[in-house]
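Counting from 1, position 173 in the sequence shown corresponds to residue 582 in the numbering used here; the numbering is continuous, with no gaps. Cβ coordinates follow ideal geometry from the N, Cα and C atoms, glycine included. In this text, all values refer to a predicted model and were calculated from it rather than measured experimentally.
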Amino acid sequence: MKPSPALLSPTNHALVLIDFEGQMAFATKSITMEELRTNVAILCGASKIFSVPTIVTTVAEESFSGPVFPEIEEVYPQASNTYIDRTSMNTWEDEGAYRTITGTGKQKLVLAGLWTSVCIVGPALSALAEHYEVYVITDACGDISHEAHERAIQRMIQAGVHPITSIQYLLELQRDWAREETYVAVTDLMKKHGGSYGLGIHYAHNMLKHG
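What follows is the structure, given as structure tokens:
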């Protein structure tokens, strides 16, 4: 009856959001910007609902890359959350980011960001080298081409990274629909950002209400 320790739970990991900024998004071609922003919204909503330690880090925010996606700012506003700005492409090589991430005390790290082949591969492989368990939310990452994204994902999987998707992340944290304390927030998030799945939930709720 015990769940696998390989599964993510609200308390066993930290989430790191890397370089979701306009300048990085403009050249992203492996995923449409609509899909990416939707998946980022799901990811941020999930981490907020389940109180997951979440680090937002940017690269040259004021001088080059610009502000973070509105979907992040809405859930984790910079006014009340410290974004870690870096010059290094590899988040793991930035002292402030490294101290903050490792300071969460979580052995499992979940990464998402732009670009997959640079800003995700770097910290993913670096964290693995320090014996962290690393998960990458593949549909909340993007790169300058499908080739770049897919080769980066393959490289990380071969090294031991676990690939997951944004809705998979959300549902793995919920795990049981009997968890009433988060049920409404999770289904509301899906109604808003879950595409056809969210429409199905909306339909079911309305049918039950009027049945």
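From residue i to residue j, what does the alpha carbon distance come to, in whole angstroms?
i, j, result
"Lys-618", "Thr-591", "20 Å"
"Leu-598", "Gln-432", "27 Å"
"Trp-501", "Thr-547", "19 Å"
"Tyr-612", "Arg-588", "21 Å"
"Gly-609", "Ala-594", "16 Å"
"Ser-418", "Glu-581", "7 Å"
"Lys-457", "Val-484", "7 Å"
"Ile-440", "Cys-550", "8 Å"
"Phe-473", "Thr-513", "29 Å"
Whose C-alpha, out of the options, is nearest the C-alpha of residue i?
i, options, result
"Ala-455", "Asn-490, Glu-556 and His-422", "His-422"
"Glu-430", "Gly-604, Thr-463, Pro-419 and Leu-445", "Leu-445"
"Thr-437", "Val-484, Ile-481, Ser-418 and Thr-525", "Thr-525"
"Lys-517", "Pro-532, Ser-489 and Met-410", "Pro-532"
"Ile-510", "Glu-542, Ile-481, Ser-489 and Leu-580", "Glu-542"
"Thr-466", "Val-477, Glu-581 and Ala-557", "Val-477"
"His-558", "Gln-583, Ser-575 and Gly-522", "Gly-522"
"Ser-489", "Ile-464, Gly-512, Tyr-507 and Cys-528", "Ile-464"
"His-602", "Asp-585, Ser-575, Trp-586 and Gln-583", "Ser-575"
"Pro-479", "Phe-459, Tyr-507 and Val-449", "Val-449"
"Leu-534", "Thr-496, Pro-412, Lys-411 and Gln-563", "Gln-563"
Assuming residue i and residue j form a contact by the criterion Cβ under 8 Å, report the distance between their Cβ atoms to the nearest whole angstrom.
i, j, result
"Ile-493", "Gly-475", "In fact, because the Cβ distance is near 16 Å, the residues do not count as touching under 8 Å."
"Val-461", "Leu-424", "5 Å"
"Val-527", "Met-565", "The pair is not a contact, with the Cβ atoms about 12 Å apart (cut-off 8 Å)."
"Leu-579", "Ile-481", "Going by Cβ atoms, the distance from Leu-579 to Ile-481 rounds to 16 Å, so no, they are not a contact pair."
Between which two residues does the beta strand (DSSP E) harbouring residue i extend?
i, result
"His-558", "His-558 -> not in any beta strand (DSSP E); alpha helix (DSSP H) instead, spanning 555–568."
"Glu-430", "It is not in any beta strand (DSSP E) - Glu-430 carries neither H nor E in the DSSP assignment."
"Thr-467", "463–468"
Buried or exposed: residue i, going by 16 or more other Cβ atoms within 10 Å of its Cβ?
i, result
"Asn-615", "exposed"
"Asn-499", "buried"
"Asp-428", "buried"
"Met-410", "exposed"
"Thr-447", "buried"
Compare the C-beta of residue i against all C-beta atoms of chain C and say whether one is closer than 8 Å.
i, result
"Ile-573", "Within the model displayed, chain C is absent; a lone protein chain is all it includes."
Which stretch, first to last residue, makes up the alpha helix (DSSP H) that contains residue i?
i, result
"Tyr-578", "575–583"
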